[in-house]
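All letters in the sequence shown, in the order written, are residues 25 to 224 by this note's numbering. Before any comments, here is the structure.
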Amino acid sequence: MPRKPSTPLIVTTPSPSSPQTFFDGHPVPALIVFDLDYTLWPFWVDTHVCAPLKGKDGGQRVVDRLGESFAFYPHVPQIFRDARMKNVSLAAASRTEAPELARDMLKSLVVDGKLRGVDYFDYMQIYPGSKTTHLAKLQKQSGVDFADMLFFDDEARNRNVESELGVLMYLVRDGITNDEVDRAVREWRSKRGKSGSYVV
25 MPRKPSTPLI VTTPSPSSPQ TFFDGHPVPA LIVFDLDYTL WPFWVDTHVC
75 APLKGKDGGQ RVVDRLGESF AFYPHVPQIF RDARMKNVSL AAASRTEAPE
125 LARDMLKSLV VDGKLRGVDY FDYMQIYPGS KTTHLAKLQK QSGVDFADML
175 FFDDEARNRN VESELGVLMY LVRDGITNDE VDRAVREWRS KRGKSGSYVV
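Below, the structure written as structure tokens:
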């Protein structure tokens, strides 16, 4: 079973802008897995970002060595907060060529003024390689069945996780949004949600 988040909850009631499927009383996946580049943030960390990083505006954005500014897509903080409130485990799965820089970005971007992006993740697999390898390792780490996971990624080629592992992948076109979370969770419910270790 996935471990419970160790950091105290910050939010106690859902926001009107929250993904509605997190709070409608129906099952949600036990583990939601996010790619990073062009899924949680609008850049490739290994080609667009130059270390070192420095937080600005209380950590809502990060500036690199060249003065370029970086941040999460707008809906990401709310999605993180709502997943934490719902006790849904989160994982990162990225094939970036700059894994340490990706981790530094997650440590530097702050949500809610206190918790860093990295604090919302229960598991991380960040290194070059196949997404099937990332997800297989996440399954071993978490103990969550593949059918009880939901994976968000911006690259259609990674749909092979469905045929090879049985993990439902939702293709993100222009960064993750609340509406896309809702569409993905509803698709997951229609295919997987009648059995397993999902959260209600």
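Note that CB positions come from ideal geometry on N, CA and C, so glycine has one too.
Per the coordinates, the alpha-carbon of Val52 lies some 22 Å from the alpha-carbon of Tyr97. Under the DSSP assignment, Phe58 falls in the beta strand (DSSP E) whose first and last residues are 55-58. Assignment of beta strand (DSSP E) within the stretch 95-131, counting only whole runs of 3 or more residues, yields 113-118 in chain order. Assignment of Lys138 by DSSP, reduced to helix, strand and coil, places it in the coil class.
Note that the stretch 94-112 touches the stretch 45-60; at least 3 beta-carbon pairs, one per stretch, sit closer than 8 Å.
Pairwise C-beta distances place the stretch 111-122 in contact with the stretch 149-157, as three or more of them are shorter than 8 Å.
CA-to-CA, the gap between Thr71 and Ala122 works out to about 9 Å. As the crow flies, the alpha-carbon of Glu188 is around 20 Å from that of Met148. Taking a contact as a CB-CB distance under 8 Å, the pair Arg85 and Pro76 does not count as one, their CB atoms being some 15 Å apart. Pairing Val69 with Lys110, the inter-Cα distance amounts to about 29 Å. Annotation for Val69: no beta strand (DSSP E) segment contains it, though the alpha helix (DSSP H) segment containing it runs 69-72. Under the DSSP assignment, Leu162 falls in the alpha helix (DSSP H) whose first and last residues are 155-166. Gly199 and Tyr62 do touch by the CB rule: their CB atoms are close to 7 Å apart, below 8 Å. Considered as a whole, the stretch 185-223 harbours 192-195 as its complete beta strand (DSSP E) runs of no fewer than 3 residues, in chain order. The alpha-carbon of Asp81 is positioned some 27 Å away from that of Asp203.
Counting along the chain, Phe46 sits inside no beta strand (DSSP E), nor does DSSP assign it H or E at all. In the structure shown, the three-state DSSP call for Tyr62 is coil.
For Ser42, the CB contacts under 7 Å within the same chain, skipping 5 residues up- and downstream, are Gln102, Asp106, Asn202 in chain order. Nearest neighbour of Phe145 by Cα position, chosen from Gln165, Gly137, Ala160, turns out to be Gln165.
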